[in-house]
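Here the sequence shown stands for residues 5 to 95, where the numbers follow our numbering.
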Amino acid sequence: MTYASRMRGRSTGRIAAAAVLAIIAVLAIIAAIMYFTEPARSLPGILGTITHPASRADAHRTTRAVVALVVGVVCLAAAGLASRTGTRSPR
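Next up, the structure:
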């Protein structure tokens, strides 16, 4: 089987879009895990560290975690759809 016959039905743009969406999905899911497991004072600066007020510094960022998880799942589903060949089987 040649490379051209394996790639029939897939464009380079769709493959690139699927790869980018998959990377975004993995990063969002990692961020969600960090939001769920780390207290706000321990988060990296890029994820929004809270140091003041002290009462919120030990809390977890549940809302951001849920949003990051939803974004990750949606991007993963979109990557799966973008990576499909697009050919339909005859009925």
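Even glycine gets a Cβ: it sits at the ideal position worked out from N, Cα and C.
Note that the coordinates shown come from a computational prediction; the quantities given were computed from them, not determined experimentally.
Item                                                                                                                                                                  : Value
Tell me which residues share the same chain as A69 and place their Cβ nearer than 6 Å to its Cβ, disregarding the 5 neighbours each side in the sequence.             : A36, Y39 and F40
Where does G52 sit, in a helix, a strand or coil, going by DSSP?                                                                                                      : coil
According to DSSP, is S15 helix, strand or coil?                                                                                                                      : coil
Enumerate in chain order the residues of its own chain whose CB-to-CB distance from I28 is below 7 Å, with the five nearest sequence positions on each side excluded. : C79
Could you check how far apart the C-beta atoms of A86 and A22 are, in whole angstroms? I think they sit under 8 Å.                                                    : 4 Å
Buried or exposed: where does R88 fall if 16 or more other Cβ atoms within 10 Å of its Cβ makes it buried?                                                            : exposed
By a C-beta neighbour count over all protein chains shown, 10 Å radius and 16 as the cutoff for buried, is M5 buried or exposed?                                      : Reliability of the predicted coordinates at M5 is poor, the pLDDT of 47 falling under 50, and the value obtained from them is presented with this limitation in mind. It is exposed - the Cβ of M5 has fewer than 16 other Cβ atoms within 10 Å.
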